[in-house]
Structures are given as C-alpha cells and as structure tokens.
Amino acid sequence: MAVDHYKVLGVERTATADAIKAAYRKLARKYHPDLNPNDAGAKKKFQEINEANEVLSDPESRAKYDKYGEHWKHGEQYEQARRQHGQPPGAGFGGGTPYEGFQGGTGNEDYADLFGSMFGSRGGRQAKFRGQDYHSELQLDLVSASTTHKQALTVNGKPIRITVPAGVENGQTIRIADHGGPGVNGGPNGDLYLTFIVKDHPRFKRTGADLHTTLDVDLYTAVLGGDAVLETLDGTVKLKVSPSTQNGERVKLKGKGFPVYKKEGAFGDLYVTYNVKLPTQLTDEQRSLFEQLKATRH
Amino acid sequence: MDTQQLVSIATFCKHEEVELAFVHSLHERGLIEVVVQDEVPYIAPDHLPRLEQLARLHYQLDINLEGIEALSHLLERVERMQEDVRILRERLRLYEDQ
C-alpha cells in the first residue's frame, strides 16, 4: 500500500520546508533507534520518517512526488513513455490511472542514505554516511549453545563465520562490527546485530546458567536409597538417591549446569527433581508383601 | 590491556569526524570510560558502541551534552529493564511448561 509521506510526517501538503524540517526533527527524536533500543516498531517507523523526509525535504523530489505520487522516481520515464506513445497527459501505460504499470517505488532505498540525508547539515559532513545496521537471528539448540563453536551464516548474501561463545542466552544480541551495510561515499560500514534464539530442550529447562530436569526413580530406590544415572548435556553422572526421597524432591548438582557466558570454567548448577514412579502391575507375591508392610504401620 | 585491542580516541575522532572536545566532555561527565596508556587516551572496544551511540545523538539529533547525559541514564535503565523482562520471561516459561 502506498505511504503518504505528508501523513507520515503529520504535515499538510502545503507545509513549508521549515515546517517539514521541524516535523521531521520532532519525529526523529521520538523514534530514533538509539532512543528505542530493541524496538522493531520504532525502527520501522523511523525508516518511514526518513523516507518521507528524503522526498519532502528536497524541493525537486517533493515537486515530483506531488505530481506523480509514490512512483515519483519514475515520473520522468512515465512522461517520456507517454510522449513516445502520443498519449495525452494522465493516460498512463495501460490507459488507466497515470501510475499503472510502474513497479517498485521507494521501498529499496539504502537506509543509510535516508538516514544521512537529513542530518548532514554540518559543513562538509553531508557526503559520508555510515552503512545500515543489519539485524539477524541465529537459531541454536541448547547443546550447541553450551559450547564455544564456530558457525557459518549468510547475511544479505555474504557468508560470514563467527565464534559463538558458550553460554549465550535466548534473546541475547551481540554486535559484529563492520558487517552491516556498506558505507556511502567512504563512510564506515554498519554493524551486524545478531540475536540468538536458543530452542527449548525436551529434557532440560534453563534459567540463566542453571539447568532444571526431572529424573524418574522407582519406588524401592526412593524408599531405601540407592544409585541412579542421570544424563546431563555432556554425558552421564551417577547420583546417590537418599533413603526416603519424596516425589517432587529437588537436589542440586553444583557446577553441572550451563556454562556462564564469557566466564571460562564457570558453570551454573543442575537442579534435579525426582519423579517417583509407583509400580503399576504387582504380582501376587508383591501385593502380599505390600499388605504385610501396611500391617506393620500400626 | 594490550594497546592493540584499544582504539585511540584521536583515531576514532578522525574516522567518525567527531570533535575531540566532545569525547572529552563525555568522559568528564562519566558517560564513557577512557584508558590512558603512555599519555595516549584510548577507548576499549567494548565501549565503542556506547560512544558511537552518544555521538549519533549529538551530531544527528542535535542533542546537547546535558540532554545526552539525561538520555544516557534513561537508556541504561531501559536496557536494564529489558534484560530483567527477558530473564523473568525465561523463568516464567519454566513454570508454564510444568
């Protein structure tokens, strides 16, 4: 759907250049990404504002926009084609509206161009613009997030290789300098902001560097105590189950949790909740023994 | 810290076309950390994003130093609160799944 640049800036079509500039400044201060961290909505709005300002702050492009609407960039091509076809003004390529047949529009402009065009009012600074920052997501499973490893990914068609540090959190964003969009006129490249999406694990839940899991133990081990084997993320550990362990009881295995981000050798704890499984199919002998046991309670 | 990992403030200012006085003012106000080695002021790579952000606020949005100081505190609070929300969501998920 076509965006009305005047509406985006909240000004009348007859607004003066100063009014447009003032409206832009006001909105830019409200929606600038630096003032709205991690707010995708504000970023999108800021891009729309920049786009509107780029068009309306330049008298020439504003005049074309007023005349041709959203396809103002192709307005001259349209006029030329119309003259070649001997069509009257307003007839358009297909004989319908003047804008039929045009594709694209202003959706692909480099964000950095738009960003820089307004703010470059200080002497000699207009020409160089920093490239656009890219935002991307990288999905990891819990096991991969627990080890420092290299990962190859493609961002905007370019392959890059990064080292994912052990212990990254779900939703955590890291900045990879210089891997964003190219700078304009010698300006520096933008940065790549990579957000990790760590998928849930079927057996382990994570809170920070701590892990939580459940372990089934049979009734006899729960009552009398004994050994149990627990699978962790990187192997197995042998657990001593205390006698009279209750269903839902929780024990902590210190240092058996998740690695702490960027703290080599530091690990969180693993919390194990016992799930005591009762026998479901008793033999006659077992049933008799349970009856005897019951009788001893009095 | 190894100076190879540090970015000299003079280099940063030249590259970003930022006035040295602006960076010194940020440092004086405690908004950025500066490391001085052999009488040369450097900024640690970890602090570069904050410096770049503050420079954008000043040069692109025309926000003065007093405004930047106030905004910087508010942004730190916003970021801390976003981190708290993220941690709380993770914890909540643990109970929702049970």
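Protein sequences appear in the order of chains A and B.
To convert a position in the first sequence, counted from 1, into this note's numbering, add 957.
To convert a position in the second sequence, counted from 1, into this note's numbering, add 18.
Just so it is clear, CB atoms sit at the ideal spot from N, CA and C, and this is done for glycine as well.
Remember, it's a predicted structure, so these values are computed and weren't measured experimentally.
Three-way DSSP call (helix, strand, coil) for residue i in this model
i: Ala1123 (chain A); result: coil
i: Ala1048 (chain A); result: Any answer about Ala1048 (chain A) is weak, because its pLDDT of 40 lies below 50 and its placement is not dependable; what the coordinates show is given next. It is coil, neither helix nor strand.
i: Tyr60 (chain B); result: strand
i: Pro1216 (chain A); result: strand
i: Asp975 (chain A); result: helix
i: Asp1023 (chain A); result: helix
i: Ile1133 (chain A); result: strand
i: Thr1253 (chain A); result: coil
i: Val36 (chain B); result: coil
i: Val54 (chain B); result: strand
i: His1158 (chain A); result: coil
i: Gln969 (chain A); result: Going by the sequence as given, residue 969 (chain A) is Glu instead of Gln. Coil, per DSSP.
i: Pro990 (chain A); result: helix
i: Asp80 (chain B); result: coil
i: Val960 (chain A); result: coil
i: Gly998 (chain A); result: helix
Bridge-paired residues (DSSP) for residue i
i: Leu1172 (chain A); result: A:Tyr1231
i: Glu1094 (chain A); result: A:Thr1152
i: Thr1104 (chain A); result: None; Thr1104 (chain A) has no bridge partner.
i: Val1194 (chain A); result: A:Leu1187
i: Leu1210 (chain A); result: A:Leu1227
i: Thr1111 (chain A); result: A:Pro1116
i: Thr1202 (chain A); result: Answer is none; Thr1202 (chain A) lacks a bridge partner.
i: Ser1018 (chain A); result: DSSP output for Ser1018 (chain A) lists no bridge partner at all.
i: Thr1164 (chain A); result: A:Asp1167
i: Val1180 (chain A); result: Paired residue(s): none; Val1180 (chain A) is not in a bridge.
i: Ala25 (chain B); result: The question names Ala, but residue 25 (chain B) is Val in the sequence shown. Bridge partners of Val25 (chain B): B:Ile61.
Proximal residues to residue i (C-beta, below 8 Å), its chain only, five neighbours per side dropped
i: Ile1117 (chain A); result: Ala1109, Leu1110, Thr1111, Ile1133, His1136 and Leu1149
i: Lys1107 (chain A); result: Arg1118, Ile1119, Thr1120 and Val1121
i: Asn995 (chain A); result: Thr1130
Cβ-based burial, residue i [other Cβ within 10 Å; buried from 16]
i: Ile1268 (chain A); result: Residue 1268 (chain A) lies beyond the range of chain A shown here (958 to 1255); nothing can be said about it.
i: Ser1103 (chain A); result: buried
i: Ser1245 (chain A); result: exposed
i: Thr1054 (chain A); result: The predicted model places Thr1054 (chain A) with a pLDDT of 32, which falls under 50 and marks its position as unreliable; any figure quoted below should be read in that light. Looking at its Cβ environment, which holds fewer than 16 other Cβ atoms inside 10 Å, Thr1054 (chain A) is exposed.
i: His76 (chain B); result: buried
i: Gly1192 (chain A); result: exposed
i: Glu94 (chain B); result: exposed
i: Gly985 (chain A); result: What sits at residue 985 (chain A) in the sequence shown is Ala, not Gly. Buried, since its Cβ has 16 or more Cβ neighbours within 10 Å.
i: Gly1222 (chain A); result: exposed
i: His91 (chain B); result: exposed
i: Val103 (chain B); result: exposed
i: Val1155 (chain A); result: buried
i: Leu38 (chain B); result: exposed
Sequence-distant residues of the same chain with beta carbon closer than 6 Å to residue i, five excluded per side
i: Gly1052 (chain A); result: For Gly1052 (chain A), the predicted model reports a pLDDT of 35, less than 50, meaning its position is unreliable; a value from the coordinates is still stated below. Cβ within range, chain order: n/a, list empty.
Same chain, Cβ closer than 7 Å to residue i, five either side skipped, listed in chain order
i: Lys1021 (chain A); result: Trp1029 and Gly1032
i: Asp1090 (chain A); result: Gly1137, Gly1147, Asp1148 and Tyr1150
i: Gly1212 (chain A); result: Phe1224 and Asp1226
i: Ala1123 (chain A); result: Ser1103, Thr1104, Thr1105 and Pro1216
i: Gly1182 (chain A); result: Val1198, Ser1199 and Pro1200
Any non-hydrogen atom of the ligand NAD closer than 7 Å to residue i Cβ
i: Tyr981 (chain A); result: Ligands displayed in this structure: none; no statement on the ligand NAD is therefore possible.
Quiz prompt | Residues in the stretch 973-998 of chain A having any Cβ partner in chain B nearer than 8 Å | solution = Along the stretch 973-998 of chain A, going in chain order, the ones with a CB nearer than 8 Å to a CB of chain B are Arg982, Ala985, Arg986, His989, Asp991, Leu992, Pro994 and Asn995.
Quiz item: Any residues in the stretch 1164-1184 of chain A with a beta carbon nearer than 8 Å to a beta carbon of chain C? Which ones, in chain order?
Solution: Absent from the structure: chain C. Protein chains present are A and B.
Quiz item: When Cβ atoms are compared, which residues of the stretch 29-55 of chain B fall closer than 8 Å to chain A?
Solution: Across the stretch 29-55 of chain B, CB contacts with chain A closer than 8 Å involve His33, Glu34 and Glu35, in sequence order along the chain.
Practice problem: Using a Cβ-Cβ cut-off of less than 9 Å, give me the residues of the stretch 1109-1138 of chain A that come near chain B, in sequence order. | Solution: Residues Glu1126, Asn1127, Gly1128, Gln1129, Arg1132 and Ala1134.
Quiz prompt | Where the stretch 1143-1167 of chain A meets chain B: residues whose CB sits under 9 Å from a CB there | solution = Taking 9 Å as the upper bound on Cβ-Cβ separation, chain B lies near residues Pro1145, Asp1148, Asp1157, Lys1162, Arg1163, Thr1164 and Gly1165 of the stretch 1143-1167 of chain A.
Quiz item: Residues in the stretch 97-111 of chain B with C-beta within 9 Å of chain A's C-beta atoms, listed in sequence order?
Solution: Within the stretch 97-111 of chain B, the qualifying residues are Glu97, Gln100, Arg104, Ile105, Arg107, Glu108, Arg109 and Arg111.
Exercise. Output, in sequence order along the chain, the residues in the stretch 67-94 of chain B whose CB is closer than 8 Å to any CB in chain A.
Key: So the list reads Pro67, Gln71, Arg74, Leu75, Tyr77, Gln78, Leu79, Asp80, Ile81, Leu89 and Leu93, given in the order they occur along the chain.
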